[in-house]
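Undergrad:
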Amino acid sequence: MEERATFPVGGITLEGLLSIPATSPQMGVVVCHPHPLYGGEMHNNIVSALVDAFQAAGLATLRFNFRGVGNSEGAHDDGNGEVEDVKAAVTYLLSRQTISTVVVAGYSFGSMVGLRAGADDDRVHKLIGVALPIGMRDASFLHNVKKAKLLISGDHDNYSPVPGLRDLVTKMPDPKSLVIVDGADHFFWGTESKVAKAAVEFLENK
Numbered sequence: 013m014e015e016r017a018t019f020p021v022g023g024i025t026l027e028g029l030l031s032i033p034a035t036s037p038q039m040g041v042v043v044c045h046p047h048p049l050y051g052g053e054m055h056n057n058i059v060s061a062l063v064d065a066f067q068a069a070g071l072a073t074l075r076f077n078f079r080g081v082g083n084s085e086g087a088h089d090d091g092n093g094e095v096e097d098v099k100a101a102v103t104y105l106l107s108r109q110t111i112s113t114v115v116v117a118g119y120s121f122g123s124m125v126g127l128r129a130g131a132d133d134d135r136v137h138k139l140i141g142v143a144l145p146i147g148m149r150d151a152s153f154l155h156n157v158k159k160a161k162l163l164i165s166g167d168h169d170n171y172s173p174v175p176g177l178r179d180l181v182t183k184m185p186d187p188k189s190l191v192i193v194d195g196a197d198h199f200f201w202g203t204e205s206k207v208a209k210a211a212v213e214f215l216e217n218k
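Residue numbers for the sequence shown follow our numbering, beginning at 13 and rising by one.
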């Protein structure tokens with residue numbers, strides 16, 4: 013069960029949905045949605061699939077709308093202010109539940125922003141990027157990230173092309189994983205469960 017949440021970042025307030033299991037979880041996940049200018053918001057199909065799977069696995073979850081989306085205040089900032097949004101979401105999650113492992117997971121725009129935010133945040137331990145849009149944005153910052161990392165992409169995704177992802181992964185330090193979903197493009201319609209399964213398996217792998 014998710015409850016409505018609000019939390020501050022700078023001078024604005026963001027909206028989200030928080031779920032804390034009845035049994036105190038050891039792990040919590042902040043989930044970031046795709047590009048706001050193309051309809052991305054916290055009820056997106058992949059965001060929802062991830063949240064549902066994480067909750068079924070007994071994890072705490074916080075999904076939220078980036079600045080300027082839904083009832084979140086502010087305006088779209090091309091991924092810059094959104095990095096601060098992710099960090100504020102981590103702060104809020106930790107204020108509501110003591111968790112030993114914090115994960116940031118994101119889809120498309122949300123994966124690039126989420127991984128950027130989590131890469132240098134000592135409170136974040138694991139990173140999940142779904143359809144990381146390397147065809148549009150630079151992901152070389154991952155070359156130096158030693159935290160556990162999972163990248164998931166469809167084999168027909170032009171925004172997250174497999175050859176580029178494989179090259180990126182070879183340059184990233186361990187631990188790292190790459191999962192390619194057969195028959196999926198950038199939107200994963202009909203293959204959401206495969207994305208969610210890969211994400212949960214990654215988090216359950218000690």
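We put the beta carbon where it would ideally sit given N, CA and C, even for glycine.
Can you check whether the CB of L74 is closer than 7 Å to the CB of V42?
TA: A contact, by the Cβ cut-off of 7 Å.
Undergrad: Is the Cβ-Cβ distance between V136 and I58 less than 7 Å?
TA: Taking 7 Å as the Cβ cut-off, V136 and I58 do not qualify as a contacting pair.
Undergrad: Taking DSSP's pairing of strands, which residues face E27 in a bridge?
TA: For E27, which the question treats as bridged, DSSP gives the partners T18.
Undergrad: May I have the straight-line CA-CA distance separating D89 from R79, to the nearest angstrom?
TA: About 8 Å.
Undergrad: Pull the bridge partners of S165 from the DSSP assignment, please.
TA: Paired residues: I192.
Undergrad: Quick one: what's Y119 bridged to in DSSP?
TA: According to DSSP, Y119 bridges with V142.
Undergrad: Under 7 Å, do A208 and L62 count as touching if we go by C-beta distance?
TA: Cβ atoms of A208 and L62: closer than 7 Å.
Undergrad: How would you write the range of the alpha helix (DSSP H) that G176 sits in, first residue to last?
TA: Where G176 is concerned, the enclosing alpha helix (DSSP H) stretches over 174-183.
Undergrad: For the alpha helix (DSSP H) that A210 lies in, which residues bound it at each end?
TA: Unbroken alpha helix (DSSP H) run through A210: 204-216.
Undergrad: Tell me the rounded alpha-carbon separation between I111 and G202.
TA: When rounded, the distance between both Cα atoms is 32 Å.
Undergrad: Is it right to say N217 is buried, meaning 16 or more other beta carbons lie within 10 angstroms of its own, or is it exposed?
TA: Classification for N217: exposed.
Undergrad: With distances taken from CA atoms, which of V157, N83, L106, P37 is nearest G130?
TA: When each option's Cα is compared against that of G130, the closest is V157.
Undergrad: Compare the beta carbon distance of V72 and I32 with 7 Å and say whether it is the shorter of the two.
TA: Inspection of the sequence shows that residue 72 is occupied by Ala rather than by Val. Contact: yes.
Undergrad: Applying the 10 Å Cβ sphere with the 16-neighbour rule, what's the burial state of L49?
TA: So L49 ends up on the exposed side.
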